[in-house]
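Q: Taken in sequence, the protein lines are chains A and B.
Following our numbering, the numbering of the first sequence begins with 1 at its first residue and continues without gaps.
Following our numbering, the numbering of the second sequence begins with 1001 at its first residue and continues without gaps.
All residues carry an ideal CB built from backbone N, CA and C; glycine is no exception.
Could you have a look at this structure, given as structure tokens, before my questions?
There are 2 protein chains.
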Amino acid sequence: MTELSEATVARLPVYLRVLSELAASRTRVVSSDELAALAGVGPAQVRRDLAPLGPNGVRGVGYDVDALQRRITDVLGLTREWPVVIVGAGHLGQALAGYAAFAERGFCIRALLDTDPALVGTTIAGHPVEPADRLEEVVAATGASIAVIATPPAAAQAVCDRLVAAGVGSILSFAPVLLVVPPAVDVRQVDLSAELTVLAFHGQRRDALPAERVPAERVPGGDA
Amino acid sequence: MTELSEATVARLPVYLRVLSELAASRTRVVSSDELAALAGVGPAQVRRDLAPLGPNGVRGVGYDVDALQRRITDVLGLTREWPVVIVGAGHLGQALAGYAAFAERGFCIRALLDTDPALVGTTIAGHPVEPADRLEEVVAATGASIAVIATPPAAAQAVCDRLVAAGVGSILSFAPVLLVVPPAVDVRQVDLSAELTVLAFHGQRRDALPAERVPAERVPGGDA
DNA sequence: TACTGTGAACTAATTCACAGCT
DNA sequence: AGCTGTGAATTAGTTCACAGTA
């Protein structure tokens, strides 16, 4: 395995999902054309992405669904379980705590933290909400190296600092603020307002050109 | 305005947020260096992104905060209100329905739909949950051109088809499935499992190199 | 002096097109 | 015949470095 581009890494989870579906429907072999169609990318893209993972395909035949599924699972680090701590038990934190797709991939929610006394002590999706004071001990006790920040923006940086100090190396943040972290820490941000804003931008353009040529838009899947 | 790259469009909402913060703190002028630091990108990137929006800066001085804020708001299409319909009133749909940051940007949640009879008729964040049967009439009545899909994956494509048929042109989906849409429809997908998976991939690599060089990781902000 | 705007260089990512294998 | 894997070409995105200007 030479070296995977960031763009490839972002697509591997998509291929993995498609392969699970294929495996569930007893499909044994899949071609780059088929896989591409199911994943919403081009066939050349699929081959480029998969080639560096080792020889996975058979020329003239295609890819073995099970073998490829195992290979990607392995490359992505999904052979182990990843304990996850969620900070912020508001609506979003609650939604994430109950999100079934996480567990299927080996992401086990191990704790839900919040500062709100009205929430602390309650149980959400089977997880007792702990007081945020205990962040450090909860991280230590669960061994979590991944944390999700679902707090109000104003609290995010402080929470982030404490998570990093407690040893968390990977953070998924839903707070629309820049998180400053040491270089070894990996932060991904999901900005829901920004997503809608990009849609608004395109929508506005579409409205402006009544029945004209619509700018480059790949289908299926749009420009997700 | 020549033509904005997709990458630039994705960053404009970030600049807009930073500018709002600056405006709130009575800052009148900002340089590309400062804006870059606050947005977590490079200064050259900021200038490249802003230059095509017209002459916004003054050489030797910087950018006028208010004027730039207005300009970006205008370019992104945020001068009008965007009615939004959310399909799926589970935890995630509820979280989105109550998400304050949407309203601040002019995204007004106008309806929440669900098939679950236990949810229909209840009120969430001030929005009555409507039966999903009424999708078409709700889209028509609200004039929504943006919709959010927060349903289980199995229902997403059918919902998507109905939304498109009802005239929705922009869709934000949280369902981890490929949505097939006509070319004129814009789809953005947020795949939460995939986000965690990318973190797991990097985390695994970090663990593998105990005290070694960590691969390219920009700070602040990590590789969000 | 201190900043923006931009040509030019560079790097990353995608797509083409075909050689090579089964 | 039908597929993968990959060099080569292309396109998109970023960064540099500096000319231009208030």
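For a test of the three-state rule: what should DSSP assign to L1078 (chain B), helix, strand or coil?
A: Three-state result, L1078 (chain B): coil.
Q: Where G106 (chain A) and R1028 (chain B) are concerned, what is the direct C-alpha to C-alpha distance, given to the nearest angstrom?
A: Cα to Cα, G106 (chain A) sits roughly 49 Å from R1028 (chain B).
Q: Report the residue from B:Q1204, B:S1193, B:I1171 and B:A1175 whose alpha carbon sits nearest the alpha carbon of D186 (chain A).
A: It is B:Q1204.
Q: Within a Cβ cutoff of 8 Å, which residues of the same chain sit near A67 (chain A), ignoring the five residues on either side of it in sequence?
A: Counting only Cβ-Cβ distances below 8 Å, and skipping sequence neighbours, we find N56.
Q: For a cutoff of 8 Å on Cβ pairs, would you count H127 (chain A) as touching chain B?
A: Judged by the 8 Å Cβ criterion, H127 (chain A) is not in contact with chain B.
Q: Is A1147 (chain B) helix, strand or coil by DSSP?
A: Strand, per DSSP.
Q: Throw me the rounded Cβ distance for the L1196 (chain B) and I146 (chain A) pair, which I believe falls under 8 Å.
A: The Cβ separation is near 7 Å, so the contact holds.
Q: Taking C-beta to C-beta, are V85 (chain A) and V164 (chain A) nearer than 8 Å?
A: No, Cβ-Cβ distance for V85 (chain A) and V164 (chain A) is not below 8 Å.
Q: Could you work out which residues of chain A lie near Y1099 (chain B), taking near to mean beta carbons separated by less than 9 Å?
A: Per Cβ cutoff of 9 Å: H91, L92, L192 and S193.
Q: Taking the alpha-carbon positions, what's the A36 (chain A) to R134 (chain A) distance?
A: Distance between the alpha carbons of A36 (chain A) and R134 (chain A) is about 46 Å.
Q: Pair every Cβ in the stretch 144-160 of chain A with every Cβ in the stretch 1142-1158 of chain B, then say whether three or more of these pairs are closer than 8 Å.
A: At 8 Å Cβ cutoff, the stretches do not touch.
Q: Taking only three categories from DSSP, how would you classify P1013 (chain B)?
A: Note: P1013 (chain B) maps to helix in three-state DSSP.
Q: Can at least three beta-carbon pairs, one atom from the stretch 108-123 of chain A and one from the stretch 1108-1123 of chain B, be found at a separation below 8 Å?
A: The stretch 108-123 of chain A is not in contact with the stretch 1108-1123 of chain B.
Q: Cβ of L76 (chain A) within 8 Å of Cβ of P13 (chain A)?
A: Closer than 8 Å, so yes.
Q: For A1111 (chain B), which of helix, strand or coil comes out of DSSP?
A: Looking at A1111 (chain B) - three-state DSSP - the assignment turns out to be strand.
Q: Counting only beta-carbon separations shorter than 8 Å, does V1139 (chain B) have a partner in chain A?
A: With 8 Å as the cut-off, V1139 (chain B) does not count as an interface residue toward chain A.
Q: For V61 (chain A), count the other beta carbons within 10 Å of its own beta carbon; 16 or more makes it buried, fewer makes it exposed. Which is it?
A: Classification of V61 (chain A): exposed, given that the 10 Å Cβ count is below 16.
Q: Confirm, please, whether the CB-CB distance from I1149 (chain B) to V1087 (chain B) is below 8 Å.
A: Contact flag set, yes.
Q: Is DSSP giving P1182 (chain B) helix, strand or coil here?
A: Coil at P1182 (chain B), not helix or strand.
Q: What residue range does the beta strand (DSSP E) around P117 (chain A) cover?
A: Where P117 (chain A) is concerned, there is no enclosing beta strand (DSSP E), given that its DSSP letter is neither H nor E.
Q: Under 8 Å between C-beta atoms, does P52 (chain A) make it to chain B?
A: It does not: the Cβ of P52 (chain A) has no partner Cβ on chain B nearer than 8 Å.
Q: Relative to the C-alpha of V1041 (chain B), which candidate in B:M1001, B:V1018 and B:V1058 has its C-alpha closest?
A: Minimum Cα distance to V1041 (chain B) is reached at B:V1018.
Q: Hey, quick one: how far does the beta strand (DSSP E) through L1172 (chain B) stretch, first residue to last?
A: Its beta strand (DSSP E) spans residues S1170 to S1173.
Q: Which residue from B:F1201, B:M1001, B:Q1189 and B:S1025 puts its Cα closest to that of R1246 (chain B)?
A: Past the edges of chain B, shown from 1001 to 1224, lies residue 1246 (chain B), and the structure says nothing about it.
Q: Compare the C-beta of A1039 (chain B) with all C-beta atoms of chain A and state if any pair is closer than 8 Å.
A: True, the Cβ-Cβ gap to chain A drops below 8 Å.
Q: Start and end of the beta strand (DSSP E) containing E130 (chain A)?
A: Where E130 (chain A) is concerned, the enclosing beta strand (DSSP E) stretches over H127 to P131.
Q: Under the DSSP definition of a beta bridge, which residues are partnered with Y63 (chain A)?
A: DSSP lists A:V30 and A:G57 as partners of Y63 (chain A).
Q: Under the rule that 16 or more other beta-carbon atoms within 10 Å means buried, what is G1143 (chain B), buried or exposed?
A: Classification of G1143 (chain B): exposed, given that the 10 Å Cβ count is below 16.
Q: Using a Cβ-Cβ distance cut-off of 8 Å, determine whether T197 (chain A) contacts chain B.
A: For T197 (chain A), the answer is yes, since a Cβ of chain B falls inside 8 Å of its Cβ.
Q: Roughly how many angstroms lie between the CA atoms of D1033 (chain B) and Q1069 (chain B), to the nearest whole one?
A: D1033 (chain B) and Q1069 (chain B): Cα-Cα distance of roughly 17 Å.
Q: Sort out for me which residues DSSP pairs V1084 (chain B) with in a bridge.
A: Paired residues: B:I1109 and B:I1146.
Q: What are the residues in the stretch 1174-1191 of chain B lying within 9 Å of chain A by C-beta distance?
A: Those residues of the stretch 1174-1191 of chain B that come within reach of chain A (Cβ to Cβ, closer than 9 Å) are P1176, V1177, L1178, L1179, V1180, V1181, P1182, P1183, A1184, V1185, D1186, V1187, R1188, Q1189, V1190 and D1191.
Q: Which value, in whole angstroms, describes the spacing of the CA atoms of A140 (chain A) and A166 (chain A)?
A: Roughly 7 Å separates the two Cα atoms.
Q: Is T197 (chain A) helix, strand or coil by DSSP?
A: The answer is helix: DSSP assigns T197 (chain A) an H, G or I state.
Q: Grab the span of the alpha helix (DSSP H) containing Q1049 (chain B) for me, first residue to last.
A: Position check: residue 1049 (chain B) holds Asp in this sequence, whereas Gln was assumed. Residues P1043 to L1050.
Q: With a cut-off of 8 Å on the beta carbons, I'd call V1009 (chain B) and F201 (chain A) a contact; round off their distance for me.
A: Right, the Cβ-Cβ distance comes to about 6 Å (below 8 Å), so this counts as a contact.
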